[in-house]
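Residue numbers (this note's numbering): 399 to 736.
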C-alpha cells in the first residue's frame, strides 16, 4: 500500500499481487510488489526525484543513452504482450495498460526500458467525475513531499491531453522510499495529491508502471463549501481541523466497479485512532456520521501519519485497506475501489 505521508493524499495502488488494498490517494484494486525475485541488473546510481525536462500535451518521452542499460528489479507475471489483464502482476512486462482504475478491457503492454517507470492515467475532477484537460501533473516522491510538495523535485511533469490522459516515463529508475504521489493544482483546483505507486517490498525500487490510474483534482470551491457544512459539526475536534485544505484533510470515495457505494463506512484499524470521519449527505448539503450515501463521498480529518483504514459494507469488510495522512495546504484523495 502506498502510505500517504504528507499533504492530503489518498491513493490506492495496483501494486502487483492483490486487488484488495488501497492506499492514500486511491484505494482501489491494488497490486503489491514484493521483494524476492532476482534483479536483472543493479541500480546503484539512481536518485529520488529526477526531473524530466520535456513537457508535451499528454505525453513526455524519456531520454535514453546509447548502449546497454540496467533493467533493474523485475517480478514478471505470466501474461504476454496484448493479453487481457487486470493488474500489473498479470503481465510478463508488469505493465497492464489502464487509463482508469475501473477499465475492464486493459491488455499487457511493453515494459519501460532501463528500469524506468512509466506513469499513465486520467486526471479527474473529484466533484464531477469528468476528465481534466490541459492540467499539469507533477509526480514526486512522498518522502520529498513531506518537506513540502511545492519544493519537491519532479520525477516527471506532464500536461494532460483533451481526454485528461497523461503518459510520462521517468528518465532514470525511480529510487525513493514509501511511494510516489501525483500532484494536481492551480486554476480551479486546490493542491490535490493522489498516491500512484509503491516500491517493491523491502526496497526503494519501483515497478515499470504505476498501479493507480485515477488521478484527482479537488475544486477549491468544493472544499470551501464542504468546510462550511462541517463548521456546524457537534465535535469541536472536527471544527478545529477546518478549513479543509488549509489544515489538510483527506477527501475520499468508496466505489465498486467504479460506481460510488451507498451504506459503506470507513473504519480505522487502530482502536486508539483520533481520526474523525464524516459522510456527505444524499443531497450534498451536509455531512453525517452514519455512512456513505449514493455519492460515496467521505471526509477524513486528523489521521495519524500512515494510519490505516478499512471500508465496510453492511457491517462486513469489503477487502479494502487504505493508508492516510494529512498535511497543511494540501488535500489527499483516498479512493476505496472494490
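From the three backbone atoms N, C-alpha and C, an ideal C-beta is built for every residue, glycine too.
When the alpha-carbon of residue 735 is set against those of 718, 729 and 725, the nearest one is in 718. Beyond the five residues adjoining it in sequence on each side, residue 716 comes within less than 6 Å, by CB distance, of 709 and 736 in the same chain, given in chain order. Of 522, 521, 503 and 495, the smallest CA-CA separation from residue 509 is found for 495. Inclusion of residue 568 and residue 553 in the CB contact set at 8 Å is warranted, their separation being smaller than that value. Counting other Cβ atoms within 10 Å of its Cβ, residue 473 reaches 16 or more and is therefore classed as buried.
For residue 572 against residue 564, the beta-carbon gap comes to about 16 Å, at or over 8 Å, which does not count as contact.
With respect to the 8 Å criterion, residue 685 and residue 650 are not classified as neighbours on the basis of their beta carbons. Judged by DSSP secondary structure, residue 614 falls within the beta strand (DSSP E) whose first and last residues are 612-617.
DSSP places residue 595 in the uninterrupted beta strand (DSSP E) bounded by 587-595. The beta carbon of residue 583 sits closer than 7 Å to the beta carbons of 589 and 590 from its chain, once the five residues preceding and following it are set aside; these are given in chain order.
Looking from the CA of residue 667, the closest CA among 487, 507, 519 and 706 belongs to 706.
For residue 638, there is no enclosing beta strand (DSSP E); the enclosing alpha helix (DSSP H) has its first and last residue at 634-638. Closest in alpha carbon position to residue 600, among 687, 479, 607 and 471, is 471. Using a Cβ-Cβ distance cut-off of 8 Å, the segment 481-490 and the segment 611-620 are not in contact, since fewer than three pairs of beta carbons, one from each stretch, lie closer than that value. A straight-line Cα-Cα distance of about 24 Å links residue 692 and residue 632. Note that the C-beta distance between residue 699 and residue 643 is not below 8 Å.
If you draw a straight line from the Cα of residue 528 to the Cα of residue 522, it comes to about 6 Å. Pairing residue 483 with residue 637, the inter-Cα distance amounts to about 45 Å. C-alpha of residue 566 to C-alpha of residue 634: approximately 44 Å in a straight line.
Secondary-structure assignment with DSSP links residue 697 through a beta bridge to 649 and 676. The beta carbon of residue 620 is closer than 8 Å to those of 524 and 525 in its chain, skipping five residues each way along the sequence. DSSP places residue 579 in the strand class (E or B) of the three-state scheme.
Beta bridge pairing from DSSP links residue 584 with 587. Between the alpha carbons of residue 652 and residue 511 lies a distance of about 35 Å. Secondary structure at residue 512: helix, using DSSP grouped into helix, strand and coil.
Shown here for residue 560: same chain residues with a beta carbon closer than 6 Å to its own, the five before and five after excluded, namely 531 in chain order.
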